[in-house]
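Asker:
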Amino acid sequence: MEKNFYREVLTVLPDGVSVVDTNNEILFWNKAMEKITGYSSVEVLGNPCANNKLCSINSEGKELCDTDCPLKEAVQKKTHSEHSVFLRHKNGHRIALRVKTYPLQNQLGTIIGGTQFYSLLSAQEQLVAEVEKLREEALQDWLTGIGNRRFGEMTLKKVSRPPTDTSYGVLFVDIDHFKTINDTWGHAIGDEILRMVASSLNSGLRNTDTASRWGGEEFLLILPTSTIQDLLTVGERVRMLVEKSWLEHDNTIIKVTASVGGTIAKKNEDIHSVLQRADQQLYLSKTNGRNRVSIDK
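In the numbering used here, the protein residues as written are 3 to 299.
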């Protein structure tokens, strides 16, 4: 009865909890993990954690399961670790999470497995709240769930409103070869790609940044109080997250990339001019091979 009690406690915890054995096979997967990842316990229990398509990546896009697995580190060193990772959701996009990993030992001190506790990063928690607010105020894009164009325009007016002592930055993100995706797989898959990309973009933002669907396969990211380095960092991160996301359809992996172009607003510059310069940088990314970031310096 005592074991069942503790199992029930872990099941209802607000943080995601997973437990693996020494072969990295998943033994436990609580309700929060189902909500965070989109995968039910039935889909993952008994499977090796590296094979369930949740493979974590770090902020540079490096896959952690093979060489820098937090579970392997905790088990081998018999100590806990804490990392910021991007986990893959069942719908394809990447989620920003904080993961705490602990080795599990029996009464003799023998390692019998490991456990991980997953929680949304603070920026992600704020974004979840913002999505609900957008829905209430009719500023949400009907397809992707992020802000719509009206929301983007309102945000631009807000950050550019004088007097202001800080510069804001904008990034245009455009899915590469999106027409080919629609022509090859159909518009239903195209819509899933749009949702996947939008969610991955949100995962790459800071808690002060916003994302909106500007039109078609183009998105606008607005970064208040930004420098060129901020634009480069966020731009490269969202580009990487899109590249590391994928859909599965008819036993086929469908991947896309995105081109990014951005600029920092000049003092007293009108919004149209800022967007025009960012769009020129997006064009450079497209003409220089796509799947890259170009910033107006």
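Just so you know, even glycine gets a beta-carbon here, dropped at the ideal spot from N, CA and C.
Return the first residue and the last residue of the beta strand (DSSP E) that K300 is part of.
Answerer: Given that the chain is displayed from residue 3 to residue 299, the structure contains no residue 300 and the question cannot be resolved.
Asker: Please say whether P50 and A34 have beta carbons closer to each other than 7 Å?
Answerer: No, Cβ-Cβ distance for A34 and P50 is not below 7 Å.
Asker: Taking just the CA atoms, how far does A267 sit from V175?
Answerer: Roughly 17 Å separates the two Cα atoms.
Asker: Are at least three pairs of beta-carbons, each pair with one atom in the region 82-97 and one in the region 228-237, less than 8 Å apart?
Answerer: Counting Cβ pairs under 8 Å, fewer than three are found: no touch.
Asker: Pull the bridge partners of L222 from the DSSP assignment, please.
Answerer: L222 is bridged to F174 and S214.
Asker: What first and last residue would you give for the beta strand (DSSP E) that runs through Q142?
Answerer: Taken as a continuous stretch (DSSP letters only), Q142 belongs to no beta strand (DSSP E), as it is neither H nor E.
Asker: Where R292 and F119 are concerned, what is the direct C-alpha to C-alpha distance, given to the nearest angstrom?
Answerer: Looking at the two C-alpha atoms, the distance is approximately 37 Å.
Asker: Less than 7 Å between the beta carbons of S296 and V244, yes or no?
Answerer: No, they are not a contact pair.
Asker: Here's the rule: buried if 16 or more other CB atoms are within 10 angstroms of the residue's CB, otherwise exposed. What is L141?
Answerer: Flag for L141 reads buried.
Asker: Does the Cβ of S275 have 16 or more other Cβ atoms within 10 Å, making it buried, or fewer, making it exposed?
Answerer: It is exposed - the Cβ of S275 has fewer than 16 other Cβ atoms within 10 Å.
Asker: What are the uninterrupted segments assigned as beta strand (DSSP E) that are 3 or more residues long and contained completely in the region 217-299, given in chain order?
Answerer: For the region 217-299, whole beta strand (DSSP E) runs of length 3 or above, ordered along the chain, are 220-225, 248-251, 254-257, 260-266 and 295-298.
Asker: Using the DSSP secondary-structure output, state which residues sit across from G188 in a beta bridge.
Answerer: G188 pairs with nothing; no bridge assigned.
Asker: Alpha carbon to alpha carbon, how far is R137 from T157?
Answerer: Each residue's alpha carbon lies about 16 Å from the other.
Asker: Whose CA, out of I183, D23, E27 and V19, lies closest to the CA of I38?
Answerer: When only C-alpha atoms are compared, the closest one is V19.
Asker: Where do the ends of the alpha helix (DSSP H) carrying I38 lie?
Answerer: K33 to T39 is the span of the alpha helix (DSSP H), which, as asked, contains I38.
Asker: CB-CB under 6 Å to R89, same chain, minus the five flanking residues each way: which ones, in chain order?
Answerer: In the sequence as displayed, the identity of residue 89 is Leu instead of Arg. Excluding positions up to five away in sequence, the list reads L56, S58, I97 and L99.
Asker: Is DSSP giving T117 helix, strand or coil here?
Answerer: The answer is strand: DSSP assigns T117 an E or B state.
Asker: Throw me the rounded Cβ distance for the G154 and S214 pair, which I believe falls under 8 Å.
Answerer: About 3 Å separates the two Cβ atoms, so the contact holds.
Asker: Suppose you measure from the CA of R9 to the CA of K135; what does that come to, to the nearest Å?
Answerer: Spanning the two alpha carbons is a distance of roughly 35 Å.
Asker: Just to confirm the assignment: which complete alpha helix (DSSP H) runs, minimum length 4, are found wholly within the region 57-99?
Answerer: Complete alpha helix (DSSP H) runs here, min 4: 72-79.
Asker: Just to confirm, are A200 and T146 a CB contact at a threshold of 7 Å?
Answerer: The answer is yes: Cβ separation under 7 Å.
Asker: Please classify M3: is it buried, with 16 or more other beta-carbons within 10 angstroms of its beta-carbon, or exposed?
Answerer: Note that M3 has pLDDT 49, beneath the 50 cutoff, so the model's placement of it is unreliable and the number below is only indicative. M3 should be labelled exposed.
Asker: Given a threshold of 16 other Cβ atoms within 10 Å of its Cβ, counted over all protein chains shown, does W144 qualify as buried or as exposed?
Answerer: Exposed, since its Cβ has fewer than 16 Cβ neighbours within 10 Å.
Asker: So does the region 21-33 actually touch the region 42-49, counting three or more Cβ pairs closer than 8 Å?
Answerer: In short, these stretches touch, since the Cβ pair count reaches three.
Asker: Which value, in whole angstroms, describes the spacing of the CA atoms of E219 and T103?
Answerer: One C-alpha to the other measures close to 38 Å.
Asker: My output table needs one value for L29: the three-state DSSP class, helix, strand or coil.
Answerer: If DSSP states are grouped into helix, strand and coil, L29 belongs with the strands.
Asker: Could you give the residue range of the alpha helix (DSSP H) that holds S20?
Answerer: Careful: S20 lies outside any alpha helix (DSSP H), inside the beta strand (DSSP E) at G18 to D23.
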